[in-house]
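Written below as structure tokens is the structure these notes are about.
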Amino acid sequence: MRDISLIVRRVWKSALLFTALSVLIVSATRAQDPVEGRKLFKENCASCHQLDRNSTGPALTPKLKELDEAFAIKWIRNSPALIASGDPQAVEASKFSPAEMTAFPRLTDEQIKNIIAYAQAGEPKKDGAAEGGAQGGGEAAAEGVSNFSIAGVAAIIIISIIVLVVLGRAIKLLERLILKKRGVEVVEEEEVSFAEGTKRLFRNKKFVFFFILMLVITLGTYGWMGMWDTGVHTGYQPVQPIKFSHELHAGVNQIDCQYCHVGAFKSKHSTIPSANICMNCHKAVQATDKYDGQISPEIQKIYTAVGYDPETMTYDKSKEKPIEWVRVHNLPDFAYFNHSQHVVVAEEAIRKAKGLQPNEPVCFACHGPVNTMEEIYQYSPLTMKWCINCHRETQLEVKGNAFYDKIIEAHEKIKKGEKLTPAALGGLECGKCHY
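Once you know that position 265 of the sequence shown is 264 in numbering that gives the first Met the number 0, the rest is easy, because the numbers rise by one and skip nothing.
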């Protein structure tokens, strides 16, 4: 058998061209990755659009199947500008809803194609066995890093090796035919076992170098993508001690978020509602019609936590025990986030930036459509990049806002050289010192 270096020298151009084409094919396919599109859809589109039914915007799956992709990309990136340009298709599309669609100039063509691919494919069907904690794990897995790019790299490596082997054998066969035609005696090669052939192959330094290089690239890809998603828990949905349905309470019954999460509008933390808030309703509401006259097991858990006896309608403090809720949204200890500053001071700016409707609480901007969630899960990535992008793109609404009026007043005092204290700039707020 000829030296493998001779084969490599003869076929390296073909192999290089094939590898380059493979990379382009994988990159083009990766640009339409529905898994990444699902993540982008939930972050940017879900507050106004549903896949299979009309909402603030039209049902996306049938609509995007009939729209030209080039137009869809322009529309998603900046529909107001497209309408203003007089595009007849855009003007017609704007008649669906009086609400103006939010522009997304930060999204690249590849990201928009990902969203289109996800919307056209629709939501993947879940396994009926995936319930409770398994369902949360499935969500997290679906929101995680797609393995498609890793599979693409592995495919390129395998295909490259196959091409090298096939081309090497073809070259060898052609050489034998040429030698026979010239009358040169060709010595038949000794047949060797697969194990022996593998040993000989790994004795070749060039092949070993190529193999190690490909191994390092593959492992490096896995490691890089794993580290990139470390600490990102989009889709995290832990099993809670009580099956509380946000869809029932915030959706069907339309209970305002502030009724339970009172802290979100006046303090740094939104706070977990106390069991006493639950009892305001569930002293009377016991859902007995669904359980043959018996109290709902989940409501009974609330009674147990507060030591309440529904028969005598009395409380026994000696039987009280806290409900051990599992926290869903976690920020690092070094990250400062003030709920009230966002949902009160910046409410109008956030509503406009996220395209929220008047009947939708500002909480949807970060927590997603909680009124459709049977069990709450982490809707947004809550990464530093995600927060910074929002801060860069959201235009502040300063007119008529008492917070910014104080800042303007402070600036005027600075210009006049008057006395200005930290208290005038919010220095007396508890959250400035007490975390």
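Cβ atoms here follow ideal geometry from the backbone N, Cα and C, with glycine treated the same way.
Sub-8 Å separation of Ile492 and Ile111 beta-carbons: In the structure displayed, the chain extends from 0 to 434; residue 492 sits before or after that span and is not available.
DSSP state of Thr197 mapped onto helix, strand, coil: Taking the sequence shown and counting its residues from 1, the one referred to as residue 197 is at position 198. Here Thr197 sits in helix by DSSP.
Status (buried if at least 16 other CB within 10 Å, exposed otherwise) for Pro240: Here residue 240 corresponds to residue number 241 of the sequence shown, with the count starting at 1. Pro240 is exposed by the Cβ-count criterion.
Given 8 Å, three or more beta-carbon pairs between the stretch 389-408 and the stretch 344-354: Verdict: yes, contact present.
Minimum C-alpha distance to Val265 - residue among Ala423, His338, Glu109, Gly36: Here residue 265 is taken as the residue at index 266 of the sequence shown, counted from 1. Residue identity differs from the one stated: residue 265 is Lys in this sequence, not Val. When each option's Cα is compared against that of Lys265, the closest is His338.
Buried/exposed call for His48, threshold 16 Cβ in 10 Å: Stepping through the sequence shown from its first residue, residue 48 is reached at position 49. Sixteen is the threshold: when 16 or more other Cβ atoms of the shown chains lie within 10 Å of the Cβ of His48, as they do, the residue is buried.
Every unbroken beta strand (DSSP E) within the stretch 58-134, with a cutoff of 3 residues, ordered by chain: Counting only runs of 3 or more residues that sit fully inside the stretch 58-134, no beta strand (DSSP E) segment turns up.
Distance between Asp228 and Thr220 (C-alpha atoms, nearest Å): Sequence index remark: in the sequence shown, residue 220 carries index 221 (1-based). Sequence index remark: in the sequence shown, residue 228 carries index 229 (1-based). CA-to-CA, the gap between Thr220 and Asp228 works out to about 13 Å.
Segment limits, alpha helix (DSSP H) that includes Tyr403: Residue 403 sits at position 404 when you count from the first residue of the sequence shown. Boundaries of the alpha helix (DSSP H) harbouring Tyr403: 401-415, taken from the DSSP string.
beta-carbon Pro61 near the ligand ZN non-hydrogen atom, thresh 7 Å: The ligand ZN is not among the ligands present in this structure, which contains no ligands whatsoever.
Straight-line gap, Met224 to Gln377 (C-alpha atoms, nearest Å): On the sequence shown, residue 224 is found 225 positions in, with the first residue counted as 1. On the sequence shown, residue 377 is found 378 positions in, with the first residue counted as 1. Distance from the CA of Met224 to the CA of Gln377, rounded to the nearest whole angstrom, comes to 21 Å.
Selected residue, minimal CA-CA separation from Asn279, among Val305, Gly367, Gly167: The residue labelled residue 279 in the question sits at position 280 within the sequence shown. For the residues Val305, Gly367, Gly167, the minimum Cα distance to Asn279 belongs to Val305.
Lys289, buried or exposed, once every other Cβ within 10 Å from all chains shown has been counted against 16: The count along the sequence shown starts at 1 and reaches residue 289 at position 290. Result: exposed.
Residue environment, Thr101, which counts as buried when at least 16 other CB atoms sit within 10 Å: Here residue 101 is taken as the residue at index 102 of the sequence shown, counted from 1. By the 10 Å Cβ count, Thr101 comes out buried.
Exposure of Ser317, with buried meaning 16 or more beta-carbon neighbours within 10 Å: Position 318 of the sequence shown, counting from 1, holds the residue named residue 317. Around the beta carbon of Ser317, a 10 Å sphere encloses fewer than 16 other beta carbons of the protein chains shown; the residue is thus reported as exposed.
Counterpart residues of Thr313 in DSSP-defined beta bridges: Taking the sequence shown and counting its residues from 1, one reaches residue 313 at position 314. According to DSSP, which records beta bridges pairwise, Thr313 is partnered with Asp308.
Residue interval of the alpha helix (DSSP H) (run including Glu42): Reading the sequence shown from its first residue, position 43 is the one you call residue 42. Per DSSP, Glu42 belongs to the alpha helix (DSSP H) from 33-43.
Exposed unless 16 or more other CB atoms sit within 10 angstroms - verdict on Gln119: The count along the sequence shown starts at 1 and reaches residue 119 at position 120. Result: buried.
Contacting residues, own chain, Cβ-Cβ under 6 Å from Ala352 (five flanking each side not counted): Within the sequence shown, numbered from 1, the residue matching residue 352 stands at position 353. Excluding residues within five positions, the ones whose Cβ falls inside 6 Å are Thr393.
Among Pro421, Ala98, Asn329, Ala80, nearest to Pro237 - alpha-carbon criterion: As a working note, residue 237 is residue 238 in the sequence shown. When each option's Cα is compared against that of Pro237, the closest is Asn329.
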